[in-house]
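A.B. asks: Numbering of the sequence shown is given in my numbering, commencing with residue 4 and proceeding in unit increments.
Glycine residues also receive a C-beta, built at the ideal position from the N, C-alpha and C atoms.
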Amino acid sequence: MKNINTTKSSLLLKGHFCMNKILNKVRYLVKDQFEETNWKYHIVPCIKYAKKLAKIFKINEEVAELAALLHDIGRLKFGKRDHHITGVVEAEKILKKYKVSQNIIDDILHAIESHRGSINISPKTMLAKIIANADAMAHFDMLPIFFYWRADKKTFEKTFLWVDNKMKRGWKKMTLPEAQEIMKKKYESIRLLLDSVRGYI
Ligand SMILES: [Fe+2]
């Protein structure tokens with residue numbers, strides 16, 4: 004997959020939808036359809052880090068925000084399983100509806116299909132790498148929410164081990180040194196906390 008130039012000068016939008024308008028519509032759609040904690044505690048931080056990395060790597064921040072907004076749309080509509088595939092189908096419908104140009108659509112769809120660390124599709128473009136990294140970075144901002152989200156594990160020990168694993172996988176998923184640098188202190192603090200609990204389990 005080629006790296007697609009998504010700098011500001013190449014915002015190839017057809018028709019009368021401008022990127023600002025598209026972002027507003029997609030923000031509303033995602034915010035409206037995600038349960039509130041998902042929006043507040045996952046999508047919002049994911050957007051924050053996607054834009055931060057986009058700035059560092061000089062790719063279009065609006066495209067990065069659009070990809071971050073849509074990266075979990077499959078999970079929202081059809082559940083966690085295969086959401087990197089269902090998300091591609093759903094995001095394509097939305098992006099086509101707003102007449103986003105095909106090269107930006109392709110770039111965003113690849114970011115969605117490759118954003119999960121647990122599947123065998125690796126991010127090949129800068130945008131895809133940014134979304135995969137931002138997805139993991141968002142987790143480090145929200146450690147306590149995972150104890151709430153995974154309370155279905157029934158025992159504290161099972162929930163704890165799941166969260167502990169999630170954090171470790173998240174760190175491995177962060178392949179960009181720039182992302183690691185931003186999150187290093189936070190991840191070290193998380194490790195300190197979790198490792199001290201681990202000693203009692
Ligand atoms: Fe995500």
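1) My understanding is that I59 touches G77, with C-beta atoms under 8 Å, so please give their C-beta distance in whole angstroms.
2) May I ask you to check if the CB of D138 is nearer than 7 Å to at least one heavy atom of ligand 1?
3) Take L146 and list the residues in its own chain whose beta-carbon comes closer than 6 Å to its own, dropping the five residues that flank it on each side.
4) For V29, which beta-bridge partners are listed by DSSP?
5) Report whether the distance from the Cβ of H87 to the nearest heavy atom of ligand 1 is below 7 Å.
6) Which same chain residues end up closer than 7 Å to K169 when comparing Cβ atoms and leaving out the 5 residues on each side of it in sequence?
7) Can you tell me whether H45 sits near ligand 1, meaning its C-beta is under 7 Å from at least one heavy atom of the ligand?
8) Just confirm the distance between the C-beta atoms of A139 and S117, as a whole number of angstroms; I'd bet it's less than 8 Å.
9) Residues in its own chain within less than 7 Å of F2 by CB, not counting five upstream and five downstream?
10) Please determine if the segment 28 to 43 and the segment 62 to 73 are in contact, where contact requires at least 3 C-beta pairs separated by less than 8 Å.
11) What distance in whole Å lies between the Cβ atoms of K127 and H113, which are believed to be in contact at a cut-off of 8 Å?
12) Tell me whether L196 is buried or exposed, calling it buried when 16 or more other Cβ atoms sit within 10 Å of its Cβ.
13) Would you report the Cα separation of K188 and D144, rounded to the nearest angstrom?
14) Between M177 and L130, what straight-line distance do the alpha-carbon atoms span, to the nearest angstrom?
15) Hey, how far is the Cα of V66 from the Cα of I124?
16) Using only alpha-carbon positions, find the residue among K55, I108, W152 and D167 that is nearest to T40.
17) A53 and I133 - do their beta-carbons sit closer together than 8 Å?
C.D. replies: In brief:
1) With 8 Å as the limit, I59 and G77 do not qualify as a contact, their Cβ atoms being about 27 Å apart.
2) yes
3) I193
4) Paired residues: none, contrary to the question.
5) no
6) H142 and F149
7) yes
8) No, A139 and S117 are not in contact; Cβ-Cβ is about 13 Å, not under 8 Å.
9) No answer is possible for residue 2: the residues shown for the chain start at 4 and end at 204.
10) yes
11) 7 Å
12) exposed
13) 11 Å
14) 14 Å
15) 21 Å
16) W152
17) yes
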